[in-house]
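Asker: Counting the sequence shown from 1 gives a position; my numbering is that position plus 3.
Glycine included, C-beta positions come from ideal geometry on N, C-alpha and C.
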Amino acid sequence: MNLYFRLILLLLKIKRNNEYKGLLDVSDIDFKVMPSDCDINMHLTNSRYLAFMDLARTWMTEEIGLFKVVMKRRWFPIVNATAITYIRDIKPLESFKVSTQLVGWDHKYFYIEQKFTTARGLHAIAYVRGVFKSKQGIVSVEDMLAAANYSGPAPVLSEEIEHWKAMLEAKKSNNKKGH
4 MNLYFRLILL LLKIKRNNEY KGLLDVSDID FKVMPSDCDI NMHLTNSRYL
54 AFMDLARTWM TEEIGLFKVV MKRRWFPIVN ATAITYIRDI KPLESFKVST
104 QLVGWDHKYF YIEQKFTTAR GLHAIAYVRG VFKSKQGIVS VEDMLAAANY
154 SGPAPVLSEE IEHWKAMLEA KKSNNKKGH
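1. Taking the alpha helix (DSSP H) that V144 falls in, what are its first and last residues?
2. Pull the bridge partners of D31 from the DSSP assignment, please.
3. Spatial neighbours of K100 within its chain, please: C-beta separation below 6 Å, excluding the five flanking residues on both sides.
4. R60 and S137: beta carbons closer than 8 Å?
5. Name the residue from W167, D146 and F113 whose alpha carbon lies nearest to the alpha carbon of P188.
6. Can you tell me whether DSSP reads A86 as helix, strand or coil?
7. With DSSP collapsed to three states, give me the class of L69.
8. CA-CA distance, P38 and P95?
9. How many whole angstroms separate the CB atoms of V72 and F135, which I take to be in contact at a CB cut-off of 8 Å?
10. Tell me whether the beta-carbon of Y153 lies closer than 8 Å to the beta-carbon of L58.
11. Enumerate in chain order the residues of its own chain whose CB-to-CB distance from S102 is below 6 Å, with the five nearest sequence positions on each side excluded.
12. Which first and last residues belong to the alpha helix (DSSP H) in which I164 is found?
13. Between the alpha carbons of M45 and E145, how many angstroms are there, rounded?
14. Determine the extent of the beta strand (DSSP E) in which I115 is found, giving its start and end residues.
15. Work out the CA separation of S98 and G107 for me, nearest whole Å.
16. Exposed or buried, I11, counting other C-beta atoms within 10 Å across all chains shown (16 or more means buried)?
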């Protein structure tokens, strides 16, 4: 239930927002770990990281000026893959920040980096690969960039993301062979 409450708060924040960033800028949003976000180990449970990542990507979409366009065109985001590394736990009632940044794209997918930090440092880092879909199918990278009024060059994807992409393609091709 508290995730719905957080979503409502985020939508109110979006409604009041009038500060925008560039497509490749870092977007930060703050949260606090509530007891209902914790597992029996009394820290932020793994599944909540993904939920907070969803909220943070929604906020990033607003901050880069795409939220209204996406809603108007009825495009919806689809996560294709996620890789997350947990470094240290986040405790109950601890405040934390999720920093979200579009780090690049290829012919089909957008690649996003998300970091969880507190005053104690970095707690988790994740990569997300995704697309936007419409009733007509996948929205092209070119259409998304045009909607964002971005005409600059594509950032060079990091070696980590290139390795991750290769692993994802290997998984796909191995499963097509019936392995």
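Answerer: Checking against the coordinates, here is how it stands:
1. One-based indexing of the sequence shown puts residue 144 at position 141. Segment V144 to A150, the alpha helix (DSSP H) holding V144.
2. Along the sequence shown, one-based indexing puts residue 31 at 28. According to DSSP, which records beta bridges pairwise, D31 is partnered with S102.
3. Locating residue 100 in the sequence shown gives position 97, counting from the first residue. These residues qualify, in order along the chain: D31, D33 and T120.
4. Within the sequence shown, residue 60 is the residue found at index 57, counting from 1. Within the sequence shown, residue 137 is the residue found at index 134, counting from 1. For R60 and S137, no; Cβs fall outside 8 Å.
5. Here the chain covers residues 4 to 182 and nothing more, so residue 188 does not appear.
6. As a working note, residue 86 is residue 83 in the sequence shown. For A86, the three-state secondary structure derived from DSSP is strand.
7. For this step, residue 69 is matched to residue 66 along the sequence shown. L69 falls in the coil class under three-state DSSP.
8. On the sequence shown, position 35 is the one that residue 38 refers to. On the sequence shown, position 92 is the one that residue 95 refers to. A straight-line Cα-Cα distance of about 6 Å links P38 and P95.
9. Working through the sequence shown from its first residue, we reach residue 72 at position 69. Working through the sequence shown from its first residue, we reach residue 135 at position 132. About 10 Å separates the two Cβ atoms, so there is no contact after all.
10. Within the sequence shown, the letter at position 150 stands for residue 153. Within the sequence shown, the letter at position 55 stands for residue 58. In this structure, L58 does not lie closer than 8 Å to Y153 by Cβ.
11. Here residue 102 refers to the residue found at position 99 of the sequence shown. These residues qualify, in order along the chain: V29, D31 and K118.
12. As a working note, residue 164 is residue 161 in the sequence shown. Counting along the chain, the unbroken alpha helix (DSSP H) around I164 starts and ends at E162 to K179.
13. As a position in the sequence shown, residue 45 is number 42, starting the count at 1. As a position in the sequence shown, residue 145 is number 142, starting the count at 1. Distance between M45 and E145, taken at the CA atoms: about 44 Å.
14. In the sequence shown, counting from the first residue as 1, residue 115 sits at position 112. Looking at the DSSP string, the run of the beta strand (DSSP E) that includes I115 is F113 to T121.
15. Counting from one through the sequence shown, the residue named residue 107 turns up at place 104. Counting from one through the sequence shown, the residue named residue 98 turns up at place 95. Taking the straight line joining both Cα atoms gives about 29 Å.
16. Counting from one through the sequence shown, the residue named residue 11 turns up at place 8. Here I11 is exposed, its C-beta having fewer than 16 other C-beta atoms within 10 Å.
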